[in-house]
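Asks:
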Amino acid sequence: MPARRPVGGRGLRRHGRDRAIGRATGRDPGRDRGQVAIEFVGTVPLILLLVAAVWECVLIGYAFSLAGNAADEAARAGAVTGAAECRTAAGKYVGSAWGMSVECAGSGDVYTAKVTLRIPVLYPGLGFGSIEGKGGAAMERERP
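First residue of the sequence shown? That's 2 in the numbering used here, and the numbers climb one at a time after it.
Now the structure itself:
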């Protein structure tokens with residue numbers, strides 16, 4: 002079997018072969034430098050936007066969970082002791098950054114509590130705006 006010659010011609014080293022391939026394709030291999038950095042810089046804002054959107058979805062879910070739990074505790078406390086304890090019980094489980102408001106009311110044998118939270122945009126306490134989230138619960142009044 003005859004000996005094979007290198008692709009780029011006789012006696013070309015690796016550097017010379019790359020240049021020969023570049024000339025054959027009409028491209029200079031040195032012009033591709035920095036391409037990965039440019040692509041990375043272009044995709045970073047998209048990645049950050051995606052992370053912020055996922056974070057906001059998690060924050061909304063957490064806020065509704067907080068509102069529901071606070072409403073349950075408020076309705077339970079209100080069914081046993083009354084409206085003053087209803088508001089206090091709801092406040093134990095929700096921080097001040099959430100801008101909570103509580104409506105406690107009883108009608109007949111059923112005591113209801115509605116908790117409304119201001120769901121922050123990106124982080125509680127920042128002034129980027131808010132979304133309203135509501136949670137409600139009802140409990141049967143307990144008689145001594």
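Glycine residues also receive a C-beta, built at the ideal position from the N, C-alpha and C atoms. All values reported here derive from a predicted model rather than from experimental measurement.
1) Go ahead and pull the three-state DSSP assignment for T149.
2) If you draw a straight line from the alpha carbon of D73 to that of L49, how long is it in whole angstroms?
3) A76 and G134 - do their beta-carbons sit closer together than 8 Å?
4) V37 lies in the alpha helix (DSSP H); which residues open and close that run?
5) Report back the beta-carbon spacing between L118 and G100 to the nearest angstrom; my notes put them in contact at under 8 Å.
6) Can you have a look at C105 and say buried or exposed, based on whether 16 or more other CB atoms are within 10 angstroms of its CB?
Replies: Short version:
1) Because the chain in this structure spans residues 2 to 145, residue 149 falls outside the shown range and cannot be described.
2) By one-based count along the sequence shown, residue 73 stands at place 72. By one-based count along the sequence shown, residue 49 stands at place 48. Straight through space, the alpha carbons of L49 and D73 are spaced by roughly 36 Å.
3) Residue numbering aside, residue 134 sits at position 133 when the sequence shown is read from its first letter. Residue numbering aside, residue 76 sits at position 75 when the sequence shown is read from its first letter. Their beta carbons are not under 8 Å apart, which means G134 does not touch A76 by this criterion.
4) One-based indexing of the sequence shown puts residue 37 at position 36. From DSSP, the alpha helix (DSSP H) with V37 extends over 36-81.
5) For the purposes of this step, residue 118 is taken as the residue at position 117 of the sequence shown. For the purposes of this step, residue 100 is taken as the residue at position 99 of the sequence shown. The C-beta separation of L118 from G100 comes to about 7 Å, placing the pair in contact by the 8 Å criterion.
6) The residue labelled residue 105 in the question sits at position 104 within the sequence shown. Per the 10 Å Cβ criterion, buried.
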